[in-house]
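Asker: Can you read through this structure? Questions will come right after.
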Amino acid sequence: MSRLIAAVALVPLCALTVGSEKKVVRPPGAEPSASWSHALLVSDTLYVSSMGGENAEGGLPETSNKK
Numbered sequence: 002m003s004r005l006i007a008a009v010a011l012v013p014l015c016a017l018t019v020g021s022e023k024k025v026v027r028p029p030g031a032e033p034s035a036s037w038s039h040a041l042l043v044s045d046t047l048y049v050s051s052m053g054g055e056n057a058e059g060g061l062p063e064t065s066n067k068k
């Protein structure tokens with residue numbers, strides 16, 4: 002019964018984004034991907050994905066923690 006209540010409560014929240022304008026945001030030079038986006042702009046809210054840092058060659062950047 003609690004799952005049904007949770008599902009019924011969730012439907013109105015999902016409906017809020019149905020009519021909203023969505024735009025995929027990519028930094029310059031980034032290639033498009035079908036499986037994820039760097040960011041999404043939905044109405045006035047920017048949703049940013051998290052990813053590890055890498056340099057222009059796709060490798061890990063040098064750190065200042067060298068001993």
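The sequence shown begins at 2 in the numbering used here and counts up one residue at a time. Using N, Cα and C, we set each Cβ at its ideal position, and we do this for glycine too.
So the beta strand (DSSP E) L47 belongs to, where does it begin and stop?
Answerer: It spans T46 to V49 - the beta strand (DSSP E) in which L47 sits, taken as one unbroken run.
Asker: Note down the Cα distance separating L61 from G53, rounded to an integer number of angstroms.
Answerer: Roughly 9 Å separates the two Cα atoms.
Asker: Which residues share a DSSP beta bridge with A40?
Answerer: In DSSP, A40 forms a bridge with V26 and V49.
Asker: Can you tell which of A35, A40, Y48 and D45 has its C-alpha closest to the C-alpha of R27?
Answerer: Among A35, A40, Y48 and D45, the Cα nearest to that of R27 belongs to A40.
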